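In what follows, a single structure is set out as structure tokens and then discussed.
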Amino acid sequence: MIIPALKKIYYRYINNLDIVEKNKFDSLDDTCSIVVNYKTPDLIKYFLYNFRITFPKLHLLIVDNSNFDRSTDIIYSVCKKDGNMTLLANMFNLHHGPGLHKAIQYIENYFKFVLIMDSDIKFNRIGILEDMKTSIPNNFLCCGKVIHVNEKGININSNEKNVIPYVHPHCMYLNIKEYFKFSPAKLHGAPFIDTFKSVKERGMQDLLIDFDVSNYVTHLGRGIVIRTGGYHTKNHPKYSGNKETKF
Numbered sequence: 007m008i009i010p011a012l013k014k015i016y017y018r019y020i021n022n023l024d025i026v027e028k029n030k031f032d033s034l035d036d037t038c039s040i041v042v043n044y045k046t047p048d049l050i051k052y053f054l055y056n057f058r059i060t061f062p063k064l065h066l067l068i069v070d071n072s073n074f075d076r077s078t079d080i081i082y083s084v085c086k087k088d089g090n091m092t093l094l095a096n097m098f099n100l101h102h103g104p105g106l107h108k109a110i111q112y113i114e115n116y117f118k119f120v121l122i123m124d125s126d127i128k129f130n131r132i133g134i135l136e137d138m139k140t141s142i143p144n145n146f147l148c149c150g151k152v153i154h155v156n157e158k159g160i161n162i163n164s165n166e167k168n169v170i171p172y173v174h175p176h177c178m179y180l181n182i183k184e185y186f187k188f189s190p191a192k193l194h195g196a197p198f199i200d201t202f203k204s205v206k207e208r209g210m211q212d213l214l215i216d217f218d219v220s221n222y223v224t225h226l227g228r229g230i231v232i233r234t235g236g237y238h239t240k241n242h243p244k245y246s247g248n249k250e251t252k253f
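Numbered according to the working numbering, the sequence shown spans residues 7 to 253.
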């Protein structure tokens, strides 16, 4: 076992898997997938197992915000054996929204679409991507379960004031090119709140395609929140508000 003080050097400079895997991106399909991990080795271990059974050939990018804890070791080992997964290990907890945004930036020149998932989901049947693709028009931003929230990300009735149509990101299919036309995912319990708020402000809600993912996915819900004690939405010293930060 590599001691924590040396893991950063090992993963960052000696055996940086994400750089190796990035060279393979241009030979893959038009769709990638992304999941974010934060100090939940049990969740990510099962997720990776369940994901690969469901999607035998889909490339997966794992954003690891765990600061090189035991879950990083698990992810790294699975990636090496799998050969079609990428570990993107951050040097600190970048948080969910900014981590997703960084990952989307990372793959934007290699893929057109991305399936975004939470690590506390379980796929119960195959075919979700194929069925999503048959449900979406040529011009769309996002496909998934549409709920209605306020600016705090709290569920409200669709007829209430200042309601925001919100595609829940525990399992959603995103058009990368269209995503960059709107506000990015951010540090928030509902990370895409600004994205979908800007969609509404422009009157472009028809770009959000409602799709019942519960026919394919079971969402544990708040899996990381329960295990790690909260959403951890206090600003990181290297991240402030909606400003785009280079790392």
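Built from N, CA and C at the ideal position, the CB exists for glycine as well.
Computed from a predicted structure; not experimentally measured.
Distance, residue j Cα to residue i Cα
i	j	result
histidine 154	glutamate 136	26 Å
serine 83	threonine 92	11 Å
isoleucine 127	arginine 208	32 Å
phenylalanine 119	aspartate 36	6 Å
tyrosine 55	tyrosine 116	25 Å
isoleucine 142	cysteine 149	7 Å
aspartate 79	valine 152	35 Å
glutamate 114	glutamate 157	28 Å
asparagine 130	asparagine 221	8 Å
lysine 203	arginine 76	37 Å
valine 169	threonine 201	14 Å
Residue burial classification, residue i (beta-carbon count within 10 angstroms, cutoff 16)
i	result
tyrosine 172	buried
valine 223	buried
aspartate 216	exposed
lysine 5	Since the displayed the chain opens at 7 and closes at 253, residue 5 lies outside it and no answer follows.
aspartate 124	buried
lysine 45	buried
lysine 86	exposed
valine 134	Per the sequence presented here, residue 134 reads as isoleucine, with valine not at that position. Isoleucine 134 is buried by the Cβ-count criterion.
asparagine 165	exposed
9 Å Cβ cutoff met for residue i and residue j
i	j	result
proline 190	histidine 102	no
asparagine 71	asparagine 90	no
proline 104	lysine 192	yes
phenylalanine 57	leucine 64	yes
leucine 49	leucine 226	yes
tyrosine 179	isoleucine 110	no
leucine 67	tyrosine 112	yes
valine 42	leucine 106	yes
Per DSSP, the bridge partner or partners of residue i
i	result
methionine 178	Ile122
lysine 128	Thr224
cysteine 148	Leu180, Leu214
tyrosine 172	Ile153
asparagine 161	Val155
cysteine 38	His65, Val120
methionine 91	Leu66
asparagine 43	Asp70
Residue nearest to residue i in terms of C-alpha spacing, selected from the options
i	options	result
proline 62	Asp88, Asp124, Asn165	Asp88
glutamine 211	Asn145, Phe186, Glu157, His176	Asn145
glycine 159	Leu147, Ile113, Ile199	Ile199
lysine 108	Ile40, Glu166, Arg76, Leu147	Ile40
cysteine 38	Ile50, Leu121, Leu100	Leu121
leucine 147	Leu213, Asp48, Lys51	Leu213
beta-carbon residue i near the ligand NAD non-hydrogen atom, thresh 8 Å
i	result
phenylalanine 117	Looking for the ligand NAD in the displayed structure turns up nothing, as the structure carries no ligands at all.
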